[in-house]
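Just so you know, the sequences run in chain order A and B. If you count the first sequence from 1, position 108 lands on 108 in UniProt numbering, and the numbers rise without skipping. If you count the second sequence from 1, position 10 lands on 10 in UniProt numbering, and the numbers rise without skipping. All C-beta atoms, glycine included, are put in the ideal place defined by N, C-alpha and C.
There are 2 protein chains.
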Amino acid sequence: MEKKKYNISVEATLEVIGGKWKCVILCHLTHGKKRTSDLRRLMPSITQKMLTQQLRELEDDGIVNRIIYHQVPPKVEYELSEYGWSLQPILDSLCAWGEHHIIKEYGDKFAVLEDNILNNKDIGLATEMDQTAKEEETSLSKN
Amino acid sequence: MEKKKYNISVEATLEVIGGKWKCVILCHLTHGKKRTSDLRRLMPSITQKMLTQQLRELEDDGIVNRIIYHQVPPKVEYELSEYGWSLQPILDSLCAWGEHHIIKEYGDKFAVLEDNILNNKDIGLATEMDQTAKEEETSLSKN
């Protein structure tokens, strides 16, 4: 196997989190564990196949953990691994810069950010709502 | 024109600095102004056409400035704009994480980082050498 060569260390970072989707997935995971159905709802333009592939690559690189709940019906969730959490400051900064950029370009972030729980002003409330939604989902799938 | 919609603000960031090359170009520019020939030397696998396109997009997004020196022969350099410099903490973190990742994967960053002035241990010396190299280049092009 030929040894990798990088001209600058950022190339190694981009090998792990580069591409159109990985940073988006990882930013969503900084808000908590997600099922693939959650991620598809949060990323309507990604295909199931592409999502699965990205998650597998992130898992192979040790960035996310795949948690399998042995229950009926079986449930799988993804979370940032301990190593994945080392990316959190970068992911937070990427989100913050994007918000700043949206405000610069459009004047108002709420005009272009889809109305979803992540973009609520009150993050505490969002997390709480997210939790409630998840509990409802679980309770529904039980019935 | 249909209005943009983002599901999460990081998508706006990736529109500006996403893709295979832009972060690499920008990281190089955090070390100082560069001519396209400098960038091609630092990024041997990028084509001239791709580099030109990436630089134009970064210029259109207000991230880099194109400086034209009206001299014979004419000289063009690229630098981070003031807005581009707002990405510096992110770019530095991406480089630092990559270095950390390389050490984790390979044990020694010097084994996989190409031997160029940017990767020297002594950054002060590197900058000085870069400056000397540039002066030599200028003096050569004058002769």
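Closest by C-alpha distance to residue i, when choosing among the options
| i | options | result |
| --- | --- | --- |
| residue 95 (chain B) | A:10, A:46, A:4, A:5 | A:10 |
| residue 85 (chain A) | A:17, A:4, A:8 | A:17 |
| residue 14 (chain B) | A:79, A:97, A:110 | A:97 |
| residue 88 (chain A) | A:41, A:74, A:25, A:20 | A:25 |
| residue 47 (chain A) | A:109, A:80, A:103, A:20 | A:20 |
| residue 61 (chain B) | B:70, B:40, B:41, B:80 | B:80 |
Min CB distance residue i to chain B below 8 Å
| i | result |
| --- | --- |
| residue 9 (chain A) | yes |
| residue 77 (chain A) | no |
| residue 67 (chain A) | no |
| residue 34 (chain A) | no |
Proximal chain A residues relative to residue i, where beta-carbon distance stays under 9 Å
| i | result |
| --- | --- |
| residue 58 (chain B) | Under the 9 Å cutoff, chain A gives no residues; its nearest Cβ is about 13 Å from residue 58 (chain B). |
| residue 98 (chain B) | 6, 8, 9, 10, 11, 12, 13, 14, 15, 16 |
Check whether residue i and residue j have beta carbons under 8 Å apart
| i | j | result |
| --- | --- | --- |
| residue 54 (chain A) | residue 22 (chain A) | yes |
| residue 35 (chain B) | residue 77 (chain B) | yes |
| residue 51 (chain A) | residue 6 (chain B) | no |
| residue 28 (chain A) | residue 8 (chain B) | yes |
| residue 93 (chain A) | residue 37 (chain B) | no |
| residue 66 (chain A) | residue 57 (chain A) | no |
| residue 90 (chain B) | residue 90 (chain A) | yes |
Any C-beta of chain A under 8 Å from that of residue i
| i | result |
| --- | --- |
| residue 101 (chain B) | yes |
| residue 16 (chain B) | yes |
| residue 93 (chain B) | yes |
| residue 73 (chain B) | no |
| residue 42 (chain B) | yes |
| residue 87 (chain B) | yes |
| residue 28 (chain B) | yes |
Partner residues on chain A for residue i, Cβ-Cβ distance less than 8 Å
| i | result |
| --- | --- |
| residue 20 (chain B) | 14, 18 |
Partners in chain B for residue i, counting only beta-carbon separations shorter than 8 Å
| i | result |
| --- | --- |
| residue 63 (chain A) | In chain order: nothing, as chain B lies at least about 10 Å away. |
Partners in chain A for residue i, counting only beta-carbon separations shorter than 7 Å
| i | result |
| --- | --- |
| residue 46 (chain B) | Correct list: empty, because the minimum Cβ distance to chain A is about 10 Å. |
Chain-ordered neighbours of residue i on chain B, where CB pairs are closer than 7 Å
| i | result |
| --- | --- |
| residue 112 (chain A) | 3, 4, 5, 6 |
Residue i: CB within 7 Å of a non-hydrogen atom of the ligand COA
| i | result |
| --- | --- |
| residue 20 (chain A) | Absent from the structure shown: the ligand COA. Ligands present: none. |
Any C-beta of chain E under 8 Å from that of residue i
| i | result |
| --- | --- |
| residue 113 (chain B) | Judged by its chain identifiers, the structure shown contains no chain E, and its protein chains are A and B. |
**Request:** Mind listing, in chain order, the continuous beta strand (DSSP E) runs of no fewer than 3 residues lying wholly within the UniProt domain "HTH hxlR-type" (8 to 106) of chain B?
**Result:** 64 to 69, 75 to 80
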